[in-house]
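Undergrad: Counting in our numbering, the sequence shown runs from 3 upward without gaps. Pasting a structure below so you can have a look.
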Amino acid sequence: MSKKNLSTVATDVIHAYGITATNVINTTRFGGERMLGYVDESATKVVKRGASPFNRSIRSGMSQRRKYISNVGVKALHMSTDGAQSVVGVAVDLATKSVNLVASNAERLDRAVHLNGLPLLNRVVMPAALVVGQVAERIEAGSSYLVKRAAGNQIPAKAVATNKLSDTTHKAAVARKRVTKQVEQDVIKTPAKRVNKAIAETATKTSNVARRVARKATANAQAL
Numbered sequence: 003m004s005k006k007n008l009s010t011v012a013t014d015v016i017h018a019y020g021i022t023a024t025n026v027i028n029t030t031r032f033g034g035e036r037m038l039g040y041v042d043e044s045a046t047k048v049v050k051r052g053a054s055p056f057n058r059s060i061r062s063g064m065s066q067r068r069k070y071i072s073n074v075g076v077k078a079l080h081m082s083t084d085g086a087q088s089v090v091g092v093a094v095d096l097a098t099k100s101v102n103l104v105a106s107n108a109e110r111l112d113r114a115v116h117l118n119g120l121p122l123l124n125r126v127v128m129p130a131a132l133v134v135g136q137v138a139e140r141i142e143a144g145s146s147y148l149v150k151r152a153a154g155n156q157i158p159a160k161a162v163a164t165n166k167l168s169d170t171t172h173k174a175a176v177a178r179k180r181v182t183k184q185v186e187q188d189v190i191k192t193p194a195k196r197v198n199k200a201i202a203e204t205a206t207k208t209s210n211v212a213r214r215v216a217r218k219a220t221a222n223a224q225a226l
């Protein structure tokens with residue numbers, strides 16, 4: 003704990019809430035899958051109960067519709083939870099990046115002006131920050147228990163909150179860097195394009211003036 007500062011504590015809190023959000027999403031996903039499976043199983047038992055009250059053709063049609071509805075429900079559940087997880091990944095990436103950026107700028111400013119205020123700020127605010135971190139860890143632990151109850155069996159490795167959050171945060175960071183790089187290139191290229199255009203226009207005008215002067219000089223020589 004003594005080696006931590008405000009930025010590392012803030013990053014830990016962000017990560018803890020990211021894990022909690024991922025656990026909530028996993029709870030929705032696994033719970034929804036179990037509910038759809040239960041409804042599907044119940045419907046299957048009713049259809050296959052016997053020849054009465056359904057004949058073979060009716061049972062076949064009902065079975066096909068049941069499978070279609072079940073598949074649509076599962077796909078919709080996966081799409082919604084995957085979208086929510088992507089939002090969490092983007093939020094964690096941006097929040098972590100912002101904390102690191104503010105911390106690095108604050109350190110540079112503190113060194114530049116020789117205030118030495120950051121150590122004092124850490125000592126004053128750190129106890130409250132640690133309490134917030136402990137609360138976040140408790141919430142995370144509770145959400146982990148909840149998702150295990152919802153899953154009802156062993157959670158796949160790729161669905162474990164830490165793995166899933168790490169994967170989505172990495173994808174969000176890659177996308178953010180790609181967009182940032184493109185924006186920076188556009189900002190650099192735009193002035194360069196304007197300069198090149200201005201140079202080309204000036205060269206064209208100069209060339210036109212030179213040709214007019216040459217034609218006039220030739221005409222005067224011929225007149226003499």
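No residue lacks a Cβ here, since even glycine has one placed at the ideal position from N, Cα and C.
Can you find at least 3 beta carbon pairs, one from the segment 153–163 and one from the segment 7–17, that sit closer than 8 angstroms?
TA: The segment 153–163 vs the segment 7–17: no contact.
Undergrad: Apart from the five residues just before and just after A12, which ones in its own chain have a Cβ nearer than 6 angstroms to its Cβ?
TA: Residue mapping note: residue 12 aligns to position 10 of the sequence shown, counting from 1. Here the set comprises V101.
Undergrad: Might you give, ordered along the chain, the residues of its own chain that have their beta carbon closer than 6 angstroms to the beta carbon of K99, omitting 5 neighbours on each side?
TA: Indexing the sequence shown from 1 puts residue 99 at position 97. Cβ within range, chain order: n/a, list empty.
Undergrad: Measuring CB to CB, does T182 end up less than 8 angstroms from S88?
TA: The sequence position of residue 182 within the sequence shown is 180, counting from 1. The sequence position of residue 88 within the sequence shown is 86, counting from 1. Result no, Cβ atoms of T182 and S88 do not sit closer than 8 angstroms.
Undergrad: Have a look at Q184 and A175 and give me their C-alpha separation to the nearest angstrom.
TA: Within the sequence shown, numbered from 1, the residue matching residue 184 stands at position 182. Within the sequence shown, numbered from 1, the residue matching residue 175 stands at position 173. Rounded to the nearest angstrom, the two C-alpha atoms are 14 angstroms apart.
Undergrad: Assess, as a yes-or-no matter, whether the segment 78–92 is touched by the segment 24–41 under the definition of 3 or more beta carbon pairs within less than 8 angstroms.
TA: Short answer: they touch.
Undergrad: Between the alpha carbons of G33 and A93, how many angstroms are there, rounded?
TA: As a first step, residue 33 must be located in the sequence shown, where it is residue number 31. As a first step, residue 93 must be located in the sequence shown, where it is residue number 91. Between G33 and A93, the C-alpha separation is close to 24 angstroms.
Undergrad: Tell me whether I141 sits in a helix, a strand or coil according to DSSP, three-state version.
TA: The count along the sequence shown starts at 1 and reaches residue 141 at position 139. Residue state, collapsed to three classes: helix.
Undergrad: In whole angstroms, give me the CA-to-CA distance for D14 and L38.
TA: The sequence position of residue 14 within the sequence shown is 12, counting from 1. The sequence position of residue 38 within the sequence shown is 36, counting from 1. So the two alpha carbons sit approximately 36 angstroms from each other.
Undergrad: Could you name the residues of the same chain whose beta carbon sits closer than 6 angstroms to that of T29, not counting the 5 residues immediately before and after it, in chain order?
TA: As a working mapping, residue 29 is identified with position 27 in the sequence shown. Closer than 6 angstroms at the Cβ level, and outside the excluded window around T29, lie L148, V149 and A152.
Undergrad: Is DSSP giving N102 helix, strand or coil here?
TA: Numbered from its first residue, the sequence shown carries residue 102 at position 100. Three-state result, N102: helix.
Undergrad: Can you give the Cα-Cα distance for A53 and Q66, rounded to whole angstroms?
TA: Here residue 53 is taken as the residue at index 51 of the sequence shown, counted from 1. Here residue 66 is taken as the residue at index 64 of the sequence shown, counted from 1. Bear in mind that the predicted position of A53 carries a pLDDT of just 49, short of 50, making it unreliable; the figure below should be weighed with that in mind. For A53 and Q66, the distance between alpha carbons rounds to 17 angstroms.
Undergrad: Classify A53 as helix, strand or coil using the three-state DSSP reduction.
TA: For the purposes of this step, residue 53 is identified with residue 51 of the sequence shown, where counting begins at 1. In this prediction, A53 scores a pLDDT of 49, lower than 50, which makes its location untrustworthy; the coordinate-derived value is nonetheless stated afterwards. It is coil, neither helix nor strand.
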